[in-house]
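Novice: Here you go, one structure.
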Amino acid sequence: MGYQNRVAVVGAGLTRFMRRAQETGKELCFEAARMALDAAGLRPRDVEAVVMATAPDVFDGVHMKGEYLADGAGGFRKPYMRSFVGGGSGVFAAIHGWYHVASGHFDTVLVVAEEKMSSCLPHPQAAFNGIYDQFLERPLGVNLLWIFALEMNRYMQVHKVPQETIALVSVKNKRNGLDHPCAQEGIPGNYSVEEIVGSEVMVWPVTRLMVSPVTDAAAAIVMVSERVAKRITDRPVWVKGVGWHLDSSYWTNRDLYYPKYVEYAARMAYEMAGITNPRREIDVVEAYDPFAYKELHHMEGLLLCDKGEAPRLLEKGVTQRDGELPVCPSGGLLGVGNPIAAAGLMKVAEIFWQLRGEAGARQVSRPVRTGLAQAWGDLMQVGTVVVLGV
Amino acid sequence: MSVHIRDYPGIPLKDRDIGEGRVLTTEWHVKAQYAWDTGAALSRFFRALKEGKIYGRWCPGCDRIVVPPRMFCEWCFRPTVRWVEVCDTGRVNTFSVSYVNWDASRSAVPRVPAVIELDGASPGMGIMHLLGEVGDTLEEILRRVKVGMPVRAVWKPPAERQGAITDILYFAPCRDEGATEPGGCGCGGAVGADRAAPTTSGTDACGCGGGEG
Numbered sequence: 017m018g019y020q021n022r023v024a025v026v027g028a029g030l031t032r033f034m035r036r037a038q039e040t041g042k043e044l045c046f047e048a049a050r051m052a053l054d055a056a057g058l059r060p061r062d063v064e065a066v067v068m069a070t071a072p073d074v075f076d077g078v079h080m081k082g083e084y085l086a087d088g089a090g091g092f093r094k095p096y097m098r099s100f101v102g103g104g105s106g107v108f109a110a111i112h113g114w115y116h117v118a119s120g121h122f123d124t125v126l127v128v129a130e131e132k133m134s135s136c137l138p139h140p141q142a143a144f145n146g147i148y149d150q151f152l153e154r155p156l157g158v159n160l161l162w163i164f165a166l167e168m169n170r171y172m173q174v175h176k177v178p179q180e181t182i183a184l185v186s187v188k189n190k191r192n193g194l195d196h197p198c199a200q201e202g203i204p205g206n207y208s209v210e211e212i213v214g215s216e217v218m219v220w221p222v223t224r225l226m227v228s229p230v231t232d233a234a235a236a237i238v239m240v241s242e243r244v245a246k247r248i249t250d251r252p253v254w255v256k257g258v259g260w261h262l263d264s265s266y267w268t269n270r271d272l273y274y275p276k277y278v279e280y281a282a283r284m285a286y287e288m289a290g291i292t293n294p295r296r297e298i299d300v301v302e303a304y305d306p307f308a309y310k311e312l313h314h315m316e317g318l319l320l321c322d323k324g325e326a327p328r329l330l331e332k333g334v335t336q337r338d339g340e341l342p343v344c345p346s347g348g349l350l351g352v353g354n355p356i357a358a359a360g361l362m363k364v365a366e367i368f369w370q371l372r373g374e375a376g377a378r379q380v381s382r383p384v385r386t387g388l389a390q391a392w393g394d395l396m397q398v399g400t401v402v403v404l405g406v
Numbered sequence: 499m500s501v502h503i504r505d506y507p508g509i510p511l512k513d514r515d516i517g518e519g520r521v522l523t524t525e526w527h528v529k530a531q532y533a534w535d536t537g538a539a540l541s542r543f544f545r546a547l548k549e550g551k552i553y554g555r556w557c558p559g560c561d562r563i564v565v566p567p568r569m570f571c572e573w574c575f576r577p578t579v580r581w582v583e584v585c586d587t588g589r590v591n592t593f594s595v596s597y598v599n600w601d602a603s604r605s606a607v608p609r610v611p612a613v614i615e616l617d618g619a620s621p622g623m624g625i626m627h628l629l630g631e632v633g634d635t636l637e638e639i640l641r642r643v644k645v646g647m648p649v650r651a652v653w654k655p656p657a658e659r660q661g662a663i664t665d666i667l668y669f670a671p672c673r674d675e676g677a678t679e680p681g682g683c684g685c686g687g688a689v690g691a692d693r694a695a696p697t698t699s700g701t702d703a704c705g706c707g708g709g710e711g
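Okay, here's the thing in structure tokens:
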């Protein structure tokens, strides 16, 4: 490939995930960024550039939120750039950090992702309605959950997957989340399929326990060139591949049963990583799971199984922490919480900790050398993929 | 989280912390208003809705009739060149049953958002709208609505139409499902008539047998 530097992740930080944090967005950024720098053994003055991921300004009622957060993220008098592709932003920020270093421009880059959703009243869901077409869709009285419910039902219909099978994703991830020290209060837990399916219907087939919550939190990672990595750590985690892809905003003209854009993003990352058989070569996966069906949808898009096969792998326990292909060992968005951009970067951080063997109670059983973090966002539209390896 | 890190920052608040004034808050109320010009394609589309008709655009590069209409084809990146009337009938591509309002509050009576692939347009060309006359409870709706089922637009009375997507009140199940004659709804969508089958079903176009809604 035509880039200058190999890039390593050398530190990660995370705040607690909270329905409502007392800290401001800047304060959350500061805590996560400082933890990541401490973990990497670096000082703020070592950081040459900062990347910030944060989702819509309208959550906070702060215009140019990236700039507002810059001071808390260590972006003071530095090259600073905001990544924003909706829910895909957290993983896209790591891609952004990668090309900052890979380009040869910078040796040390701090990547911070922040979301403070609780400020928006009466509920931040309403802030999302602006993603619908203002002429054709918003006059119908939309809610964000509609598109997910429509996509989930399409997936269920095409592959003949019962709601009960999809609920197993919630069961698994909410149980995994019990071992995450940052998990949002009341979000992880031991639930039965009946409890998941029987919880309050939001927009059928989506029930309350099949959708991730509203969360305030921040996450950060430090990305460095090989030159710096060799100096500061014996255990760098390398960025092996990155990929991203966007589909059409005419979402009603696409067949929602399959996320092609995730496949293209994955293919781009696999090609760069030299991965020809992802089913054998990827050891641990943090697929994006804002809704239960999304984990299955994304496993298929990531080419980790055939179309329609993900529910069977789930039923067989393949995606459990002690399975052959652990998916969302962190607990994911369903088990830890969903601070939009910070949730994506949390997934990158989880793969980093898994590959370093630092995940503690969440550490997957099988030996891991290669892991994948993926996020998704915009209007059922964007896929972002990072492959890490040791 | 890493096993090397013991304490994680963050001070979680409860709603009552704010309600009882234990933490201080500052409020800001924004009233934003917009008026969007509907643009070249949708202006014509909405004018036609006022007349009870649905128009798509034909792309010569891809030979497809797209709905919602656009003046350019995002596939081949050329201008679309012709207006084509499509049917006000179609098939349910997917649907859901919504118990939440725009602001996440609960609604007692569910609404049924759906993607409807319109007859006379190219395969897979859906629009989002609501289904109606399908029941008031989840059980009833799930019994009556099936993916692939034919539906037709139920229009507002002509005098009440405003040139908006809401000129179609909702799509309702076709009563005469048996009458399936391709092109039979009289929409004139001839260019696409031979490829009007929705991706969800067989080869029947305009499954309602045509006529005014």
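Chains as they are written, first to last, in my numbering: chain P, 17 to 406; chain A, 499 to 711.
Each residue gets a CB set at the ideal place from its N, CA and C atoms; glycine is no exception.
Predicted, not measured: the structure shown is a model, and the values here were computed from it.
Which of the residues in the region 507-523 of chain A, read from start to end, lie with their CB under 7 Å from any CB of chain P?
Specialist: Under the 7 Å Cβ criterion, the region 507-523 of chain A contributes Pro507, Gly508, Ile509, Pro510, Leu511, Val521.
Novice: Run through DSSP, which three-state label would Tyr84/P get?
Specialist: Correct three-state label for Tyr84/P: helix.
Novice: Under a three-way DSSP split, which group does Pro345/P fall into?
Specialist: Pro345/P: coil per DSSP, three-state reduction.
Novice: Taking CB distances under 8 Å as the criterion, tell me whether Arg645/A reaches chain P.
Specialist: Here residue 645/A is Val; the residue named in the question, Arg, does not match the sequence. Output row for Val645/A: interface = yes.
Novice: Closer than 7 Å, Cβ to any Cβ of chain A: which residues of the region 138-161 of chain P, in chain order?
Specialist: Result list: Pro138, His139, Gln141, Ala142, Asn145, Gln150, Phe151, Leu152, Glu153, Pro155, Leu156, Gly157, Val158, Asn159, Leu161.
Novice: Near Met396/P, which residues of its chain fall below 7 Å by C-beta distance, leaving aside the five closest residues on each side in sequence?
Specialist: Correct list, in chain order: Ile163, Glu167, Trp267, Leu272.
Novice: Are the region 549-562 of chain A and the region 570-587 of chain A touching by the rule of at least three beta carbon pairs closer than 8 Å?
Specialist: Judged by Cβ distances under 8 Å, the region 549-562 of chain A makes contact with the region 570-587 of chain A, as three or more pairs qualify.
Novice: Suppose the cutoff is 7 Å on Cβ atoms and the five residues either side in sequence are ignored; what does the same chain contact list for Tyr277/P look like?
Specialist: Cβ within range, chain order: His261, Leu262, Asp263, Gln397, Val398, Gly399.
Novice: Which residues in chain A have a C-beta closer than 7 Å to the C-beta of Gly376/P? List them in chain order.
Specialist: The contacting residues are Val501.
Novice: When you check each C-beta in the region 596-617 of chain A against every C-beta of chain P, which residues fall closer than 7 Å?
Specialist: Cβ contacts with chain P come from Ser596, Tyr597, Val598, Asn599, Trp600, Asp601, Ala602, Pro611, Val613.
Novice: Is Leu137/P buried or exposed, if buried means 16 or more other CB atoms sit within 10 Å of its CB?
Specialist: Exposed, because fewer than 16 other Cβ atoms sit within 10 Å of the Cβ of Leu137/P.
Novice: Which of helix, strand or coil does DSSP assign to Pro608/A?
Specialist: Three-state result, Pro608/A: strand.
Novice: Below 8 Å on the Cβ atoms is my contact criterion, and I expect Leu160/P with Asn145/P to pass it. Report the Cβ-Cβ distance as a whole number of Å.
Specialist: About 7 Å; that satisfies the 8 Å criterion.
Novice: Quick one: does Lys42/P have its CB under 8 Å from some CB of chain A?
Specialist: Chain A, which has no Cβ nearer than 8 Å to the Cβ of Lys42/P, makes this no.
Novice: Which of the three DSSP states is assigned to Leu667/A in this structure?
Specialist: Strand, per DSSP.
Novice: Have a look at Asn354/P and Arg642/A and give me their C-alpha separation to the nearest angstrom.
Specialist: Approximately 35 Å between the Cα atoms of the pair.
Novice: Below 7 Å between beta carbons is the criterion; list the residues of the region 196-218 of chain P that meet it against any residue of chain A, in chain order.
Specialist: So the close ones are His196, Pro197, Cys198, Glu201, Val217, Met218.
Novice: Check Asn591/A in the structure and name its three-state DSSP category.
Specialist: Strand.
Novice: Taking the C-alpha atoms as reference points, what is the distance between Pro95/P and Glu83/P?
Specialist: Distance between the alpha carbons of Pro95/P and Glu83/P: 12 Å.
Novice: Is any beta-carbon of chain A found at less than 8 Å from that of Asn269/P?
Specialist: It does: the Cβ of Asn269/P has a partner Cβ on chain A nearer than 8 Å.
Novice: Provide the residue(s) that pair with Leu388/P in DSSP beta bridges, ordered along the chain.
Specialist: Looking at the DSSP assignment, Leu388/P forms a beta bridge with Val301/P, Val403/P.
Novice: Gln397/P versus chain A: which residues are under 7 Å apart at the beta carbon?
Specialist: Going along chain A, no residue has its Cβ under 7 Å from Gln397/P, so there is no contact; the nearest lies around 12 Å.
Novice: Tell me, please, whether the CB atom of Leu629/A is closer than 8 Å to any CB atom in chain P?
Specialist: No - not a single Cβ of chain P is within 8 Å of the one on Leu629/A.
Novice: What would DSSP say about Met362/P, mapped onto helix, strand or coil?
Specialist: In the structure shown, Met362/P sits in a helix (DSSP, three-state: H, G or I).
Novice: Would you say Leu225/P reaches chain A, if we count a Cβ-Cβ gap shorter than 8 Å as a contact?
Specialist: No, no contact with chain A.
Novice: Identify every residue that forms a DSSP beta bridge with Trp267/P.
Specialist: BP columns for Trp267/P are empty, so no partner.
Novice: Start and end of the alpha helix (DSSP H) containing Lys276/P?
Specialist: Where Lys276/P is concerned, the enclosing alpha helix (DSSP H) stretches over 276-289.
Novice: Among Phe570/A, Met623/A, Val607/A, which residue has its Cα nearest to the Cα of Glu638/A?
Specialist: Minimum Cα distance to Glu638/A is reached at Val607/A.
Novice: Are the CB atoms of Thr592/A and Arg170/P within a distance shorter than 8 Å?
Specialist: Yes; because the gap between Cβ atoms is below 8 Å, this pair is in contact.
Novice: Does the contact criterion of 3 or more C-beta pairs under 8 Å hold for the region 317-335 of chain P versus the region 367-379 of chain P?
Specialist: No, the region 317-335 of chain P is not in contact with the region 367-379 of chain P.
Novice: Taking Gly630/A as the reference, which of Asp617/A, Asp515/A, Gln531/A, Arg673/A has the closest Cα?
Specialist: Cα-wise, what sits closest to Gly630/A is Arg673/A.
Novice: Quick one: what's got a C-beta closer than 7 Å to Asn21/P's C-beta in the same chain, skipping five residues either side?
Specialist: Val117, Ala118, Gly120, Ser241, Glu242, listed in sequence order.
Novice: By Cβ distance below 7 Å, which residues in the same chain neighbour Ala492/A in space, the five residues on each side in sequence not counted?
Specialist: The structure shown does not extend to residue 492/A, since chain A is modelled only from 499 through 711, so no value can be given for it.
Novice: Pair every Cβ in the region 600-617 of chain A with every Cβ in the region 544-551 of chain A, then say whether three or more of these pairs are closer than 8 Å.
Specialist: These segments do not touch.
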